[in-house]
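Data first, discussion second: the structure below is written as structure tokens.
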Amino acid sequence: MYDLLFFCNNSPIDLKNQLLSIISQMQSVSHLFVKQPGKDFSRKRKISFSDTIQILLSMGGNTIRKEWLDFWDFSPDMASVPAFCQQYQKLLPESMDFLFHSFNDSFSSLETYRGFRLLACDGSDLAIAYNPDDKDTYGGIILWNGMRKDITNFI
Numbered sequence: 004m005y006d007l008l009f010f011c012n013n014s015p016i017d018l019k020n021q022l023l024s025i026i027s028q029m030q031s032v033s034h035l036f037v038k039q040p041g042k043d044f045s046r047k048r049k050i051s052f053s054d055t056i057q058i059l060l061s062m063g064g065n066t067i068r069k070e071w072l073d074f075w076d077f078s079p080d081m082a083s084v085p086a087f088c089q090q091y092q093k094l095l096p097e098s099m100d101f102l103f104h105s106f107n108d109s110f111s112s113l114e115t116y117r118g119f120r121l122l123a124c125d126g127s128d129l130a131i132a133y134n135p136d137d138k139d140t141y142g143g144i145i146l147w148n149g150m151r152k153d154i155t156n157f158i
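Residue numbers for the sequence shown follow my numbering, beginning at 4 and rising by one.
Following this line, the structure appears as structure tokens:
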């Protein structure tokens, strides 16, 4: 695996704010992303549409209970795990697909690598198949401000 270095003009805070903005916009028309429009997420609850999406995005590999406690920072006012399960079951699967595409499309100015936008943070890895016949990837290519550089000496 090669460390992927990719720099763009957007800071991590800008990226997070953009994501939260899209989630907020989705919440304002949440009836488009739920199984029962007019009913699901129509009442004020401890777990909003936005909270549900953010929790799903923040989940790692732990149990739902552990992820839940981490998200709410062990707050005594947090809702129960079963309440969260009820809330996320109200979402249409297409809601996450919409969020994914909306977020990616909001950065259309980013350069691409073979048609794909690569967004990475420090420590991210990009696995490239080992193929000596592929001159573009053999020896390791790093994307740095849109330029390719041979990183054979750094491996």
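All C-beta atoms in this analysis are idealised placements derived from N, C-alpha and C, irrespective of residue type, glycine included.
Since the model is a prediction, treat every value here as computed from it, not as a measurement.
Length of the line joining the Cα atoms of residue i and residue j
i	j	result
Ser27	Asp136	47 angstroms
Glu70	Pro40	28 angstroms
Ser109	Ser98	16 angstroms
Arg117	Gln89	40 angstroms
Leu94	Lys42	12 angstroms
Pro96	Pro79	30 angstroms
Gln57	His104	16 angstroms
Cys67	Val84	According to the sequence as given, residue 67 is Ile; it is not Cys. Roughly 7 angstroms between the two C-alpha positions.
Ala86	Ile50	8 angstroms
Gln21	Pro15	10 angstroms
Leu102	Lys38	16 angstroms
Leu35	Lys47	18 angstroms
Beta bridge counterpart(s) of residue i as assigned by DSSP
i	result
Leu164	Any property of residue 164 remains undetermined from this structure, which presents the chain solely from 4 to 158.
Leu94	Val37
Phe119	Tyr116
Host alpha helix (DSSP H) of residue i (start-end)
i	result
Lys19	Pro15 to Ser31
Ile67	Ile67 to Phe74
So, do the segment 20–38 and the segment 71–91 have three or more beta carbon pairs nearer to each other than 8 angstroms?
no
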